[in-house]
Amino acid sequence: MKKPGKVYIVGAGPGDPELLTIKAMRLMEEADVILYDKLVGEKIVELIKKLRKTAIYVGKNSGEKGMKRQEEINEMMKSFALSGKTVVRLKGGDPFVFGRGGIEAEFLTKEGIPFEVVPGVSSINSVPASAGIPLTHPGFSSSVLVVAGRDDVEEWKNAPLKGTIVILMGRDTLEEICANLIKAGRNPETPVAVVENGTTANQRVVTGNLKNIAKRARDVTGPAVIVVGDVVKVRKNLGFE
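Sequential numbering of the sequence shown, starting at 338, is according to our numbering.
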């Protein structure tokens with residue numbers, strides 16, 4: 338039986354080819370097949386064609402049923418990987434930010450297909466920055482709410498109580514943050530992950546919930562990103578725990 342290939346779920350950034358990561362570029366050059374999305378920039382599509390790889394457009398069009406198209410994409414990744422191919426699944430921005438990357442990773446995990454997620458520069462921060470707009474500023478704002486335009490505005494106001502919260506520079510005040518979220522009405526059982534030294538060889542992830550994470554992460558000393566919300570459960574689905 339042929340050894341399966343590998344799928345790389347890769348973020349292509351906001352559109353400028355120079356904002357592709359070095360790793361993304363290397364993987365594109367090494368890939369047998371590139372499956373690319375609608376939101377991958379035109380200049381990047383031109384770059385893909387110059388690589389003379391098997392490149393297949395798998396973007397979703399407005400009005401198209403997303404889940405049906407997603408099933409087709411899943412089957413393509415599976416088919417190519419099982420035939421021994423190295424597949425780059427290229428997605429606009431970052432694959433885990435409004436990109437269904439989590440769904441694809443769960444599918445690959447379920448099918449036993451080796452994969453790796455390669456982060457990309459997200460449009461969430463890069464596009465405003467390119468337009469001279471800082472998302473945080475000491476004189477104006479210390480928080481950022483990220484939402485999907487398809488959601489009702491009524492849902493947005495529930496973000497602190499139901500949505501995902503990503504906290505930077507919160508390591509030393511984690512206990513206070515968790516207590517205040519519970520006081521505001523967030524379920525104490527809400528999952529929390531503290532990612533220390535993210536993306537480096539020393540990366541470490543500590544998980545828990547709002548009630549116990551401060552105690553569990555008390556020995557975290559490096560730079561940390563804190564994620565609050567049910568999305569933390571996906572780690573287990575992907576075999577990370």
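Virtual Cβ for every residue (Gly too), placed ideally from N, Cα, C.
Pair within 8 Å by beta-carbon distance, residue i and residue j
{"i": "Ala-561", "j": "Thr-544", "result": "no"}
{"i": "Pro-528", "j": "Asn-546", "result": "yes"}
{"i": "Gly-430", "j": "Gly-469", "result": "no"}
{"i": "Gly-438", "j": "Ile-346", "result": "yes"}
{"i": "Val-370", "j": "Lys-386", "result": "no"}
{"i": "Leu-372", "j": "Leu-427", "result": "yes"}
The ligand FMN heavy atom lying under 7 Å from the CB of residue i
{"i": "Val-424", "result": "The model depicted lacks the ligand FMN and carries no ligand whatsoever."}
Nearest-angstrom Cβ-Cβ length linking residue i and residue j, presumed shorter than 8 Å
{"i": "Glu-443", "j": "Val-565", "result": "Between Val-565 and Glu-443 the Cβ distance is about 21 Å, and since that is not below 8 Å, they are no contact."}
{"i": "Glu-455", "j": "Ala-368", "result": "Residue identity differs from the one stated: residue 455 is Val in this sequence, not Glu. So it is not a contact: roughly 12 Å between Cβ atoms."}
{"i": "Gly-396", "j": "Lys-375", "result": "3 Å"}
{"i": "Gly-576", "j": "Thr-446", "result": "6 Å"}
{"i": "Thr-510", "j": "Val-568", "result": "That belief does not hold up - the Cβ atoms of Thr-510 and Val-568 are roughly 22 Å apart, past 8 Å."}
{"i": "Ile-450", "j": "Lys-415", "result": "6 Å"}
Secondary structure of residue i, DSSP reduced to three states
{"i": "Thr-544", "result": "strand"}
{"i": "Arg-426", "result": "strand"}
{"i": "Thr-358", "result": "coil"}
{"i": "Ile-514", "result": "helix"}
{"i": "Ala-530", "result": "strand"}
{"i": "Thr-537", "result": "coil"}
{"i": "Val-464", "result": "helix"}
{"i": "Gly-439", "result": "helix"}
{"i": "Ser-416", "result": "helix"}
{"i": "Lys-499", "result": "helix"}
{"i": "Lys-340", "result": "coil"}
{"i": "Arg-487", "result": "coil"}
{"i": "Gly-403", "result": "helix"}
{"i": "Arg-553", "result": "helix"}
Nearest-angstrom Cα separation, counted from residue j out to residue i
{"i": "Glu-526", "j": "Lys-548", "result": "7 Å"}
{"i": "Asn-539", "j": "Glu-448", "result": "29 Å"}
{"i": "Ser-478", "j": "Pro-471", "result": "9 Å"}
{"i": "Glu-379", "j": "Gly-559", "result": "39 Å"}
{"i": "Ser-467", "j": "Val-481", "result": "17 Å"}
{"i": "Arg-487", "j": "Asn-524", "result": "25 Å"}
{"i": "Ser-463", "j": "Val-484", "result": "16 Å"}
{"i": "Val-532", "j": "Lys-494", "result": "26 Å"}
{"i": "Glu-578", "j": "Pro-475", "result": "38 Å"}
{"i": "Pro-465", "j": "Lys-340", "result": "44 Å"}
{"i": "Val-417", "j": "Asn-574", "result": "According to the sequence displayed, residue 417 carries Phe and not Val. Each residue's Cα considered, the two are about 23 Å apart."}
{"i": "Lys-552", "j": "Thr-473", "result": "29 Å"}
{"i": "Ala-392", "j": "Ile-461", "result": "27 Å"}
{"i": "Met-506", "j": "Arg-555", "result": "15 Å"}
{"i": "Val-344", "j": "Leu-419", "result": "10 Å"}
{"i": "Met-362", "j": "Ile-519", "result": "43 Å"}
Residues bridged to residue i [DSSP beta-bridge criterion]
{"i": "Glu-453", "result": "Tyr-345"}
{"i": "Gly-350", "result": "Gly-430"}
{"i": "Leu-505", "result": "Val-562"}
{"i": "Ile-393", "result": "Leu-372"}
{"i": "Ser-478", "result": "His-474"}
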